[in-house]
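> Read left to right, the sequence shown gives residues 155 to 416 (my numbering). Quick one: this structure, given as structure tokens, is what I'll be asking you about.
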Amino acid sequence: MSGSAAKGGRLAGRVALVTGAAGGIGGAVARAFAREGAALCLADLRGAEGIAAEAEALGARAIAATLDVTRRAEIERVVARTLGAFGRLDILVNVAGIVSLGAAATLAEEEWDRVLAVNLKGTFLCCQAVIPAMRQQRHGRILNLGSVIGKNGGNPRPWIDPGEQARASNAAYGASKAGVHALTFFLARELAADGITVNAIAPGPIASPMTRDFPAALRALIPVGRMGRGEDVAEAALYLASDAAGFVTGEVLDVNGGMWAD
Numbered sequence: 155m156s157g158s159a160a161k162g163g164r165l166a167g168r169v170a171l172v173t174g175a176a177g178g179i180g181g182a183v184a185r186a187f188a189r190e191g192a193a194l195c196l197a198d199l200r201g202a203e204g205i206a207a208e209a210e211a212l213g214a215r216a217i218a219a220t221l222d223v224t225r226r227a228e229i230e231r232v233v234a235r236t237l238g239a240f241g242r243l244d245i246l247v248n249v250a251g252i253v254s255l256g257a258a259a260t261l262a263e264e265e266w267d268r269v270l271a272v273n274l275k276g277t278f279l280c281c282q283a284v285i286p287a288m289r290q291q292r293h294g295r296i297l298n299l300g301s302v303i304g305k306n307g308g309n310p311r312p313w314i315d316p317g318e319q320a321r322a323s324n325a326a327y328g329a330s331k332a333g334v335h336a337l338t339f340f341l342a343r344e345l346a347a348d349g350i351t352v353n354a355i356a357p358g359p360i361a362s363p364m365t366r367d368f369p370a371a372l373r374a375l376i377p378v379g380r381m382g383r384g385e386d387v388a389e390a391a392l393y394l395a396s397d398a399a400g401f402v403t404g405e406v407l408d409v410n411g412g413m414w415a416d
């Protein structure tokens, strides 16, 4: 396949909204979707003009939006803009999120609230906002970003090295991502009869500015021998967003290099 959007690609004729599109995973998803023929609304708190320009250079139709996923009115505005620009909305990829590090004993209430607001409430509000359009179309793909941390109780081993916890994701982050997994299960059942599938991807550690301080001792425990890449997550998202995954819903797909199996 060439560097331009594929007219016969896996997502040809589909329209996708990607939140957190300016980040490493969101950008990888945007580029992969652009290559496979999707039209894109790319949204991020910092703005997403740069990644929208990359998607256009790959031959996709793309618009950029500034979005705070904790604000319902902003989400509804972005969804309406997507529908106005492209006439439909087939795929939502909820990538927007924040990380939080440290020990539970010192976790501030304000930090707990901030992490749950972005990672869990924000994901729910975005899902809720796209349901009417997807129901009307009788087709939709909702993809939520969970985490291995929402399954395994955290990567650090404080009984061996207490310092690992200070440099790794904490209970607030884990609880928010476990909530995303549960939300995925509920919505998958609720929306299946409407032709809408709802799945999640649970990445392991992904190399990015957010994980630059990830402890080397924990990195060495990844069975495949490396940190993940945004492209690893994007390939999983491509499958779940495509027609090939029409019989897959309520799944939390592990992309973690063997760190956790279930």
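Built from N, CA and C at the ideal position, the CB exists for glycine as well. Only a predicted model underlies this, so the values are computations on that prediction, with no experimental measurement involved.
Could you please give me the residues that DSSP links to residue 197 through a beta bridge?
Along the sequence shown, read from residue 1 onward, the residue named residue 197 stands at position 43. Residue 197 pairs with 173 and 219.
> May I ask you to verify whether the region 278-286 touches the region 336-353, counting CB pairs closer than 8 Å and requiring at least 3?
Because the criterion of three Cβ pairs below 8 Å is met, the region 278-286 and the region 336-353 touch.
> Which ranges does the alpha helix (DSSP H) cover as unbroken runs of at least 4 residues, wholly within the region 346-410, from first to last along the chain?
370-373 and 384-395
> Leaving aside the five residues before and after residue 376 along the sequence, list all residues of the same chain whose C-beta is less than 6 Å from its C-beta, in chain order.
Position 222 of the sequence shown, counting from 1, holds the residue named residue 376. Annotation for residue 376: 411 and 413 place their beta carbon closer than 6 Å to its own, counting only its chain and skipping 5 residues before and after.
> Using DSSP with H/G/I as helix, E/B as strand and the rest coil, what is residue 256?
The sequence position of residue 256 within the sequence shown is 102, counting from 1. DSSP, reduced to helix, strand and coil, places residue 256 outside both helices and strands of the structure shown, so it counts as coil.
> Which residue or residues does DSSP assign as beta-bridge partners of residue 247?
Taking the sequence shown and counting its residues from 1, one reaches residue 247 at position 93. According to DSSP, residue 247 bridges with 172 and 297.
> What are the residues that DSSP puts in a beta bridge with residue 323?
In the sequence shown, the residue the question calls residue 323 occupies position 169. Paired residue(s): 255.
> Kindly confirm or deny that the region 223-241 and the region 205-214 touch, where touching means at least three C-beta pairs closer than 8 Å.
no
> Tell me which residues share the same chain as residue 270 and place their Cβ nearer than 6 Å to its Cβ, disregarding the 5 neighbours each side in the sequence.
Within the sequence shown, the letter at position 116 stands for residue 270. Answer for residue 270: 330, listed in chain order.
> Who are the Cβ neighbours of residue 309 in its own chain at under 6 Å, not counting the five residues just before and after it?
By one-based count along the sequence shown, residue 309 stands at place 155. If we look at residue 309 and ignore the five residues flanking it on each side, its Cβ neighbours are 322 and 372.
> Tell me the rounded alpha-carbon separation between residue 383 and residue 343.
As a working note, residue 383 is residue 229 in the sequence shown. As a working note, residue 343 is residue 189 in the sequence shown. In this model, residue 383 and residue 343 are separated by some 31 Å (Cα to Cα).
> For the structure I just gave you, are there three or more beta carbon pairs, one from the region 246-255 and one from the region 180-188, closer than 8 Å?
yes
> Are residue 395 and residue 165 close, meaning C-beta to C-beta below 9 Å?
Here residue 395 corresponds to residue number 241 of the sequence shown, with the count starting at 1. Here residue 165 corresponds to residue number 11 of the sequence shown, with the count starting at 1. Yes. Within cutoff.
> Could you name the residues of the same chain whose beta carbon sits closer than 6 Å to that of residue 381, not counting the 5 residues immediately before and after it, in chain order?
As a first step, residue 381 must be located in the sequence shown, where it is residue number 227. Result list for residue 381: 359 and 361, in chain order.
> Note down the Cα distance separating residue 276 from residue 265, rounded to an integer number of angstroms.
Here residue 276 is taken as the residue at index 122 of the sequence shown, counted from 1. Here residue 265 is taken as the residue at index 111 of the sequence shown, counted from 1. Answer to the nearest angstrom: the Cα atoms are 15 Å apart.
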